[in-house]
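For the sequence shown, the UniProt record's numbering begins at 1 and goes up steadily by one. Below: one structure, written as structure tokens.
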Amino acid sequence: MTITQLKYVLAVAEQQNFTKAAEKTFVTQPTLSMQIQKLEEELEIQIFDRSKKPIELTGVGKKIVEQARNIVNESERMQDVVDQEKGFIGGTFKLGIIPTVMPTLLPMFLKNFSNRYPKVQLKIEELNTDEIITKINDGYLDAAIAATPLEQEKIKERPIYYEPFVGYIPENHRLATKEKLETNDLDIEDILLLEDGHCFRDGIINLCKASKNGGSEKFQLESGSFETLIKLADEGLGMTLLPYLHTLDILPSQTKNLRYFKEPSPAREVSLIYSKSELKMQIINALHDIISGVIRGAIAFQDVKIISPTKK
């Protein structure tokens, strides 16, 4: 039994396909299949049910994969110990970022990080929160940037910044004359929302449920992007709420429609999250320091109230 064989097993379990797993692990498909077959013969069990399409794990195969993941993680920890002892910050690092953070935060820190740590090969993937949690727990992500708190037993959360919610109120809206918004001003049936699956949407719903206008959840319109929500609001179809960093990129002609909340401003907590196994901590620490440094100049809000991103 070898670590390489276990990595092949994990790749097939993830891809549910021998050819795709071989491509991911940079070996030929016959080589990968032969090594997995050798492992199965050594253990005298079948890890995969090859008769199913896509390939499925057998009952015992699920237990083998769970143990294989632990072994591979611990083997990588040995390299981590060596890297930290040498002060080396490099290698491949798989980072997930939620869609409502990716377009605003990534351009702020990526070039700075790459220049500072040229030996780190960042592999960045845009994923929703549920996908991130699954991939961190399964060992397919080293860390992620997401809205917290998530209260996941096997995941650590390290806050980077607190991002206030900002109202986007078009002309002729009932709230257009207000200089500062209050939570009680919000009506869930009057707010244009992102599609289901976005944690920022869930944060807005939680915010409205905490007010007197929590009511039913009958939404007029939903969209996959803030840009579309802004356009719909400009057409007089309602108001919307935006994360603060997104408001820095809107057109100058649209800034008149922005309304901030009275303090404490409702805000989301954005954190660097990672497995409690704490692999590759030297890169996680470097990411945290770089992002915290660049964000400090963009968000000056202090008095905020954190709104949970999890469904209530």
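By construction, the Cβ of each residue, glycine as well, lies at the ideal position given by its N, Cα and C atoms.
Take residue i and list the residues in its own chain whose beta-carbon comes closer than 7 Å to its own, dropping the five residues that flank it on each side.
i, result
"Q15", "A21, K24"
"residue 382", "An answer regarding residue 382 cannot be provided, because it is not within the stretch 1 to 312 covered by the chain."
"G236", "P170, N172"
"L272", "A143, I145, R158, I160, I284, L287, H288"
"Q152", "I133"
Might you give, ordered along the chain, the residues of its own chain that have their beta carbon closer than 6 Å to the beta carbon of residue i, omitting 5 neighbours on each side?
i, result
"K119", "G90"
"H173", "M239"
"K108", "As written in the sequence, residue 108 is Met, which differs from the Lys given in the question. V294."
"G214", "Low per-residue confidence applies at G214: pLDDT is 49, beneath 50, and the placement is therefore not dependable, though the value from the model is reported in the following sentence. Cβ neighbours of G214 beyond the five flanking positions: C208."
Would you check if the distance between the CB atom of residue i and the CB atom of residue j is smaller than 8 Å?
i, j, result
"A147", "I205", "no"
"L245", "E163", "yes"
"I307", "L207", "yes"
"S275", "K94", "no"
"F113", "I284", "no"
"E141", "R259", "The identity of residue 141 in the sequence shown is Leu, whereas the question assumes Glu. No, they are not a contact pair."
"Q282", "Q84", "yes"
"T104", "H198", "no"
Opposite residue i in the DSSP bridges: which residues?
i, result
"T92", "Q121"
"F261", "L181"
"P266", "K305"
"S275", "I155"
Our contact map puts residue i next to residue j with C-beta atoms below 8 Å; I'd like the distance itself, whole angstroms only.
i, j, result
"Y161", "I230", "Contact flag wrong, Cβ pair sits at about 23 Å."
"K305", "S265", "7 Å"
"L57", "F48", "6 Å"
"L279", "E76", "6 Å"
"T247", "V166", "5 Å"
Could you compute how far the alpha carbon of residue i sits from the alpha carbon of residue j?
i, j, result
"G87", "R69", "26 Å"
"D249", "A298", "12 Å"
"M1", "A11", "16 Å"
"Q194", "N128", "Inspection of the sequence shows that residue 194 is occupied by Leu rather than by Gln. Whole-angstrom Cα-Cα distance: 13 Å."
"I55", "R116", "42 Å"
"T310", "R296", "26 Å"
"L186", "L175", "9 Å"
"V60", "K262", "56 Å"
"D130", "I124", "16 Å"
"I45", "R268", "48 Å"
"D202", "I188", "12 Å"
"S225", "F200", "11 Å"
Quick one: what's got a C-beta closer than 8 Å to residue i's C-beta in the same chain, skipping five residues either side?
i, result
"residue 328", "As displayed, the chain neither begins before 1 nor continues past 312, which places residue 328 out of reach and without an answer."
"V9", "I36, L39, I47, I64, V65, A68"
"S292", "I160, Y161"
"Q5", "Q35, I36, K38, L39"
Nearest chain C C-beta to residue i closer than 8 Å, yes or no?
i, result
"G139", "Here there is only one protein chain, and chain C is not present."
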